[in-house]
Amino acid sequence: MQQRQTGQLAGSFSGSLAFDHALAGVGGAVVSTVAMHPLDLIKIRLQVDVASQDEAILGRAVRAARHVISTDGIRGLYRGLGANLAGNCASWGLYFAWYTWIKDQMAGGRSAETKSGTSILSPGQHMLAGAVAGALTQCIANPLWVVKTRICTTSRGDPASYRGLIDGLLQISKKEGIRGLYKGLAPGLLGVAHGGLQFMAYEEMKKRRLLWRQKHASSGLTAVDFALMSSTSKVFALAITYPSQVLRSRLQQIPGATGTTAVGASRMATYNGLGDVFTKTIRLEGVSGFYKGFGPALLRVLPGNIVTFLVYEKIAGFFRSHTRF
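Just so you know, we're using the working numbering here: the sequence shown kicks off at 685 and counts up by one.
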């Protein structure tokens, strides 16, 4: 049963609970993105690599890293960081703002969050709120992800490469129009279930763990609790939705570019749409093609996810303990 007593529900620090959570999400995104960007770059290059099927995933990842360093130096591992920061800050900030606002609407226009930080909603409501928030965020942030993918899959010397985020947005708009900025949106929207699945699992684990700690430990949730809950919920959601990320990365490649993937140039196929990339991936690589880069993705998202949620929960907790409205 939902706990609807006003005294049990959370107030806000800024005057808007959604804005509080947006700020907390941006804080977590900045720290995790800067720390984990090199692995994110390697993951993207493996995702668009249609060859190298016989080599172990770790071997391909190491070879990809060596190729980046030999081509662009150590700084090459941070190629596309600006676009990645912009994308992650916008995505996490918008996501938490939408997610919090949608939950509050589901709770009848009042706070859906208790003073302890848990939600009063059901698992199904969490999943729906997460999916809708993900879809709205994807529609706004997709152009940033297109530029990020293209920067990360080209070297600095490639004639088709972009100088940065703004240059990428301008070039795509000029050469491909609005449609170019929204390449990969379809598989991105297919992947919004990721947020729904992750937050459904996270909210339920958080609620149950807090009840257990209050009963047996007389204390709130610890950093270890947040780390375990965030990583478990992430693996659960990623295993189900990862293929949509591969489809999106392949659709967002620069048309006609030589490209730089895991091991070098001339390894990227050309696709004519979602159906084409799905068919070619199945025919040329089998089901395993949809999980290209899954190992580096786990290495990247688990530490990054833990850092994001730890920073997010700490900032959100500070706001809850200093409510002014």
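For glycine and all other residues, C-beta sits at the position ideal for the given N, C-alpha and C.
Using CA atoms only, rank isn't needed, just tell me which of the options is closest to residue i.
i	options	result
ARG863	ILE753, PRO722, ASP756, GLN936	GLN936
PHE962	ILE804, ARG1008, VAL919, VAL930	VAL930
THR916	LYS890, LEU894, ALA901	LYS890
THR1017	ALA770, PHE993, GLY1001, GLU860	Absent from the model: residue 1017. The displayed extent of the chain is 685 to 1009, so no value can be given.
HIS878	LYS976, GLY695, LYS918	LYS918
LEU725	ASN956, GLY766, PHE703	GLY766
ALA813	ARG892, PRO827, MET790	MET790
Buried or exposed: which applies to residue i, given that a residue is buried once 16 or more other Cβ atoms fall within 10 Å of its Cβ?
i	result
ILE966	exposed
ARG1030	Because residue 1030 is not part of the residues shown, which for the chain are 685 to 1009, the question remains open.
ALA981	buried
HIS1006	exposed
GLN731	buried
ARG892	exposed
LYS976	buried
THR784	buried
Counting along the chain, where does the alpha helix (DSSP H) carrying residue i start and finish?
i	result
LEU805	Where LEU805 is concerned, there is no enclosing alpha helix (DSSP H), given that its DSSP letter is neither H nor E.
ASN956	Careful: ASN956 lies outside any alpha helix (DSSP H) and carries neither H nor E.
ALA907	907–935
TYR783	765–790
SER857	849–865
LEU869	869–874
In three-state DSSP terms, what is residue i?
i	result
LEU693	strand
THR798	strand
TYR996	helix
PRO1056	Lying before the first or after the last residue shown, residue 1056 is absent from the chain, which here runs from 685 to 1009.
THR755	helix
ARG893	helix
SER698	coil
HIS1006	coil
THR837	coil
GLY970	coil
VAL746	helix
GLY712	helix
GLY880	helix
GLY1001	helix
VAL991	helix
ALA901	coil
Handout entry: the region 766–783 contacting the region 747–756, beta-carbon criterion three pairs below 8 Å
Key = Remark: fewer than three beta-carbon pairs, one from each stretch, lie closer than 8 Å, so the region 766–783 and the region 747–756 are not flagged as touching.
Exercise for the section: Say whether the region 805–819 touches the region 874–888, bearing in mind that this needs 3 or more beta-carbon pairs closer than 8 Å, one atom from each stretch. Expected result: The answer is yes - the region 874–888 touches the region 805–819, with three or more Cβ pairs under 8 Å.
Practice task
Taking 8 Å as the threshold, find out whether the region 798–807 comes into contact with the region 857–877 through three or more Cβ pairs.
Solution key: Flag = no, the region 798–807 and the region 857–877 do not touch.
Problem - contact_flag[the region 837–846, the region 905–919] where n(CB pairs < 8 Å) is 3 or more - result: The region 837–846 and the region 905–919 do not touch, with fewer than 3 CB-CB distances between them shorter than 8 Å.
Problem - Meets three-Cβ-pair contact criterion under 8 Å: the region 703–710 and the region 987–999 - result: A contact between stretches requires three or more CB pairs, one per stretch, nearer than 8 Å, and the region 703–710 meets this requirement with the region 987–999.
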